[in-house]
Amino acid sequence: MDKTDRAILAHLMTDGRLANTELADLVGLSPSPCLRRVRQLESSGVITGYHASVDPAAIGRGFHVLVHVEMAVQDRSTIEAFEAAIADLDEVVHCLRLFGQPDYVLWVAVPDIEKYERFYMAQLTGLPGVARTNSQFTMKTVKSTPGLPVPALASHPGHG
1 MDKTDRAILA HLMTDGRLAN TELADLVGLS PSPCLRRVRQ LESSGVITGY HASVDPAAIG
61 RGFHVLVHVE MAVQDRSTIE AFEAAIADLD EVVHCLRLFG QPDYVLWVAV PDIEKYERFY
121 MAQLTGLPGV ARTNSQFTMK TVKSTPGLPV PALASHPGHG
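Residue numbers are given in the UniProt record's numbering: position 25 of the sequence shown equals residue 25, and the series is strictly consecutive.
So this is what it looks like as structure tokens:
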């Protein structure tokens, strides 16, 4: 991936709706080579999709909870069952398996605290292998970065 590919990524992550002609102008290419590069970034798996950024409250998901999950049992079948169950829960919008404690961190998005309490009691506590949970409620979103910053190409000694 070269400097132009990184520029393409940076612009698309800022505005995924850029027309190819606009993107080409921004990165200093003509439209055809720009489109070829975008298609190559897509086919190689660098660009994994395009998404709309939506206000969570507008779709009934404005109450966010960070949940730490510690597992009682950590054998393969329990872990696989837990992860399969999590994948089916629409309320869980992000799940990370960690080294150390907690075993998992979940990001849950629901309309309000009452819905969270129902979700917690009816579904979360009954998942395979769960020993303990710790719920932390969001007070305020200070920073939310869509995508990831694209690092510049590292300059190597002797290569400019």
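Cβ coordinates follow ideal geometry from the N, Cα and C atoms, glycine included.
Exercise. Where do the ends of the beta strand (DSSP E) carrying Arg132 lie?
Worked result: Your numbering for residue 132 matches position 132 in the sequence shown. First-last of the beta strand (DSSP E) with Arg132: 130-137.
For this session: Evaluate Ala24 with the Cβ neighbour count: other Cβ atoms within 10 Å of its Cβ, from every protein chain shown; 16 or more gives buried, anything less gives exposed.
Result: Translated into the one-based positions of the sequence shown, residue 24 becomes position 24. Buried: at least 16 other Cβ atoms inside 10 Å.
Exercise. Does the separation of the CB atoms of Val69 and Asp103 fall below 7 Å?
Worked result: Here residue 69 refers to the residue found at position 69 when the sequence shown is read from its first residue. Here residue 103 refers to the residue found at position 103 when the sequence shown is read from its first residue. Going by C-beta atoms, Val69 is nearer than 7 Å to Asp103.
Exercise. Which same chain residues, not among the five before or five after Gly60, have their C-beta less than 6 Å away from its C-beta?
Worked result: In the sequence shown, the residue the question calls residue 60 occupies position 60. Hits under 6 Å: Pro111.
Problem set entry | Residue range of the unbroken beta strand (DSSP E) whose run includes Val93 | As a position in the sequence shown, residue 93 is number 93, starting the count at 1. 92-97 is the span of the beta strand (DSSP E), which, as asked, contains Val93.
Exercise. Thr141 to Asp75, Cα distance in whole Å?
Worked result: What you label residue 141 is simply residue 141 of the sequence shown in a count that begins at 1. What you label residue 75 is simply residue 75 of the sequence shown in a count that begins at 1. Approximately 36 Å between the Cα atoms of the pair.
Exercise. Where does Tyr116 fall in DSSP's three states?
Worked result: Translated into the one-based positions of the sequence shown, residue 116 becomes position 116. Reduced to three states, the DSSP call for Tyr116 is helix.
For this session: For Met71, name the three-state secondary structure that DSSP assigns.
Result: Against the sequence shown, residue 71 aligns to sequence position 71. It is a strand residue.
Problem set entry | Rounded straight-line distance, which links the Cα of Ala19 to that of Asp5 | Walking along the sequence shown from the start, residue 5 turns up at place 5. Walking along the sequence shown from the start, residue 19 turns up at place 19. Cα-Cα distance, rounded: 16 Å.
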